[in-house]
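A.B. asks: Would you mind keeping the following structure in view while I ask a few things?
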Amino acid sequence: MRRLISIPWSLFFGCLFVILTTVGLIGNVVVIVAIAGDRKMRQSVMNILLFNLAIADTLNLLTTTIEWVPTIITGTPGWVLPSILCPVGRYLEITFLFVSIMTQLIVCIERYIAIVYPIHARRLCSRRNIFITLIVIWLFVAVFSLPYALLNKKQKSEFMYLFIANTCTNIYINSESWKNYKWIEFANFYFFPCIIFVVLYSKVSMILWSKNRALYKVSSFQMSLRPDALKLRRNVVKMLVACVSVYFICYSPIQAIFLSKALFDIHISPAYEFILLMNAFALTCSACNPLLYTLFSKKFRSRMTKIFQCFQAPIGEKPNDFSNSVSKVIHYFKRMQ
1 MRRLISIPWS LFFGCLFVIL TTVGLIGNVV VIVAIAGDRK MRQSVMNILL
51 FNLAIADTLN LLTTTIEWVP TIITGTPGWV LPSILCPVGR YLEITFLFVS
101 IMTQLIVCIE RYIAIVYPIH ARRLCSRRNI FITLIVIWLF VAVFSLPYAL
151 LNKKQKSEFM YLFIANTCTN IYINSESWKN YKWIEFANFY FFPCIIFVVL
201 YSKVSMILWS KNRALYKVSS FQMSLRPDAL KLRRNVVKML VACVSVYFIC
251 YSPIQAIFLS KALFDIHISP AYEFILLMNA FALTCSACNP LLYTLFSKKF
301 RSRMTKIFQC FQAPIGEKPN DFSNSVSKVI HYFKRMQ
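Mapping of the sequence shown onto this note's numbering: residues 1 to 337, in sequence order.
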């Protein structure tokens, strides 16, 4: 089979994908272990949402390896894996991606209610309501993504007019029904979330960075703590805005190609290196959230070394010692809240 990308470029993208996947898995797994292992941390609505986000990103990183590993090795989009993995892999990849997007949307709404309407936050953003919302999100996305499981098949197809090979292809990609579905997908998971993020985070930022000291009517003791609390909330909003920005930066090129074809009938056949670059962007989106936590949290930065040292159990260390190390990880995350 003819390679569409040279071996040096394959090595470059292969190393890039390995680094992104490894960093993303380690970072998200640390978040999952820390939150799941501490009851007090699980009481926080924000931690519950971050836990769900880390789960979705971890699963997305794992499923995307089905796509890029064979491609990097062969240098072509040829599908060398069992046929069943074609629809299943595409379905799971899209499902976890959409759950990640919807979770970030819920985080945005939760922060908006907590900061703009703090009196109603305890009632509207209760743990029960958050759990129900997350269940609804998973069910909705699981159903919405079904076309990817039903329409993707392993079949012989021509790629860039160069050769014919077995590929994982949507057999109805040119049908009107699929085009309408993609418009709904674009609206639900890109356009409307973008509008909501911009509007709500703009409102939150205006409040947190305004000089209106009547925002919170608190006691003198609470007022003395207000500067630190305000700074903490600002850092949280900065972190969340950064996470959202990374998502839209990573997926805007793909959406631009879709819009150019749908609105202006411009058919773009990008170079194969560009396709791999888009895949790298997708991996970056799932891998960077823990890094952003580090960037916007001084305590997180100062303790990251200690956290990973907890897992560096010397040879011959007893299981109980390793359990204590895991407890230390949980303790460090708890102190960073």
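All residues carry an ideal CB built from backbone N, CA and C; glycine is no exception.
Because the structure is a prediction, the values reported are computed rather than measured.
At 4 residues or longer, what runs of the alpha helix (DSSP H) sit wholly inside the region 11-90?
C.D. replies: With a minimum length of 4 residues, the continuous alpha helix (DSSP H) runs that stay inside the region 11-90 are 39-42 and 45-74.
A.B. asks: Cα-Cα, which of Gly89, Ile73, Tyr190 and His120 is closest to Pro147?
C.D. replies: To locate residue 147, count along the sequence shown from 1; it is residue 147. Checking every option, the nearest Cα to that of Pro147 belongs to Gly89.
A.B. asks: Could you check if Ser219 is buried or exposed, using at least 16 other CB atoms within 10 Å of its CB as the buried criterion?
C.D. replies: Locating residue 219 in the sequence shown gives position 219, where the first residue counts as 1. Low confidence applies here, because Ser219 scores a pLDDT of 40, under 50, leaving its location unreliable and the question unanswered by this model.
A.B. asks: Below 8 angstroms, can you find three or more Cβ-Cβ pairs linking the region 56-73 to the region 2-22?
C.D. replies: Touching, yes, given that three or more Cβ pairs across the two stretches are closer than 8 angstroms.
A.B. asks: List in chain order: all unbroken alpha helix (DSSP H) runs of 4+ residues lying wholly within the region 133-203.
C.D. replies: Segments of the alpha helix (DSSP H) lying fully in the region 133-203: 146-151 and 176-186.
A.B. asks: Name the residue from Arg42, Ser83, Ala121 and Leu49 whose alpha carbon lies nearest to the alpha carbon of Gln104.
C.D. replies: By 1-based counting over the sequence shown, the position of residue 104 is 104. Closest by alpha carbon: Leu49.
A.B. asks: What would DSSP say about Ala271, mapped onto helix, strand or coil?
C.D. replies: The count along the sequence shown starts at 1 and reaches residue 271 at position 271. Correct three-state label for Ala271: coil.
A.B. asks: For Met102, does the count of other Cβ atoms within 10 angstroms reach 16, so buried, or fall short, so exposed?
C.D. replies: Taking the first residue of the sequence shown as 1, we reach residue 102 at position 102. Buried.
A.B. asks: Report yes or no: do three or more beta-carbon pairs, one from the region 192-203 and one from the region 229-249, lie closer than 8 angstroms?
C.D. replies: The region 192-203 vs the region 229-249: in contact.
A.B. asks: So what's Cys125 in DSSP terms, helix, strand or just coil?
C.D. replies: Start at 1 with the first residue of the sequence shown, and residue 125 comes out as number 125. Of the three classes helix, strand and coil, the one that applies to Cys125 here is coil, per DSSP.
A.B. asks: DSSP on Ala251, reduced to helix/strand/coil?
C.D. replies: As a first step, residue 251 is located in the sequence shown; it is residue number 251 there, counting from the start. The residue asked about is misnamed: residue 251 is Tyr in this sequence, not Ala. Helix at Tyr251.
A.B. asks: Among Pro290, Asn279 and Arg39, which residue has its Cα nearest to the Cα of Ile72?
C.D. replies: Within the sequence shown, the letter at position 72 stands for residue 72. Per the Cα distances, Asn279.
A.B. asks: Only counting the same chain, and skipping five residues up and downstream in sequence, which positions put a Cβ closer than 6 angstroms to that of Ser286?
C.D. replies: Against the sequence shown, residue 286 aligns to sequence position 286. So the qualifying residues of the chain are Gly24, Asp57, Asn60 and Leu61.
A.B. asks: Look at the alpha carbon of His120 and the alpha carbon of Lys231, and state the distance between them as a whole number of angstroms.
C.D. replies: To locate residue 120, count along the sequence shown from 1; it is residue 120. To locate residue 231, count along the sequence shown from 1; it is residue 231. Going from the Cα of His120 to the Cα of Lys231 covers about 22 angstroms.
A.B. asks: Flag this pair as yes or no: are the beta carbons of Ile35 and Met41 separated by less than 8 angstroms?
C.D. replies: Translated into positions along the sequence shown, residue 35 becomes position 35. Translated into positions along the sequence shown, residue 41 becomes position 41. Yes. Within cutoff.
A.B. asks: Of the choices Ser126, Ile94, Asn166 and Asn152, whose alpha-carbon is the least far from that of Ile106?
C.D. replies: By one-based count along the sequence shown, residue 106 stands at place 106. For the residues Ser126, Ile94, Asn166 and Asn152, the minimum Cα distance to Ile106 belongs to Ser126.
A.B. asks: Look at the alpha carbon of Ile115 and the alpha carbon of Asn129, and state the distance between them as a whole number of angstroms.
C.D. replies: On the sequence shown, position 115 is the one that residue 115 refers to. On the sequence shown, position 129 is the one that residue 129 refers to. Ile115 and Asn129: Cα-Cα distance of roughly 18 angstroms.
A.B. asks: For Val45, which option in Asn180, Ala187 and Cys108 has the closest C-alpha, if you only look at C-alpha atoms?
C.D. replies: By 1-based counting over the sequence shown, the position of residue 45 is 45. Cα-wise, what sits closest to Val45 is Cys108.
A.B. asks: Quick one: grab the DSSP three-state call for Ser6.
C.D. replies: Walking along the sequence shown from the start, residue 6 turns up at place 6. Note: Ser6 maps to coil in three-state DSSP.
A.B. asks: Leaving aside the five residues before and after Gln155 along the sequence, list all residues of the same chain whose C-beta is less than 8 angstroms from its C-beta, in chain order.
C.D. replies: Start at 1 with the first residue of the sequence shown, and residue 155 comes out as number 155. For Gln155, where only same-chain residues beyond five positions count, the Cβ hits under 8 angstroms are Asn166, Thr167, Thr169 and Ile171.
A.B. asks: According to the Cβ coordinates, are Leu283 and Phe17 closer than 8 angstroms?
C.D. replies: Along the sequence shown, one-based indexing puts residue 283 at 283. Along the sequence shown, one-based indexing puts residue 17 at 17. Yes, these two residues count as a Cβ contact at 8 angstroms.
A.B. asks: Cβ of Pro186 within 8 angstroms of Cβ of Phe258?
C.D. replies: By one-based count along the sequence shown, residue 186 stands at place 186. By one-based count along the sequence shown, residue 258 stands at place 258. The question names Pro, but residue 186 is Phe in the sequence shown. Yes. Within cutoff.
A.B. asks: With C-beta atoms as the reference, is Leu53 less than 8 angstroms away from Ser100?
C.D. replies: The count along the sequence shown starts at 1 and reaches residue 53 at position 53. The count along the sequence shown starts at 1 and reaches residue 100 at position 100. Yes, the pair counts as a contact, with Cβ atoms nearer than the cut-off.
A.B. asks: Taking Cβ to Cβ, would you say Thr76 is nearer than 8 angstroms to Leu4?
C.D. replies: Your numbering for residue 76 matches position 76 in the sequence shown. Your numbering for residue 4 matches position 4 in the sequence shown. Yes. Within cutoff.
A.B. asks: Can you give the beta carbon distance from Tyr91 to Ser177, rounded, assuming they're within the 8 angstroms contact cut?
C.D. replies: As a first step, residue 91 must be located in the sequence shown, where it is residue number 91. As a first step, residue 177 must be located in the sequence shown, where it is residue number 177. Rounded, the Cβ-Cβ distance is 18 angstroms, inconsistent with contact.
A.B. asks: Using the rule of at least 16 other Cβ atoms within 10 Å of the residue's Cβ for burial, across every protein chain shown, is Ile55 buried or exposed?
C.D. replies: The residue you call residue 55 lines up with position 55 of the sequence shown. It is buried - the Cβ of Ile55 has at least 16 other Cβ atoms within 10 Å.
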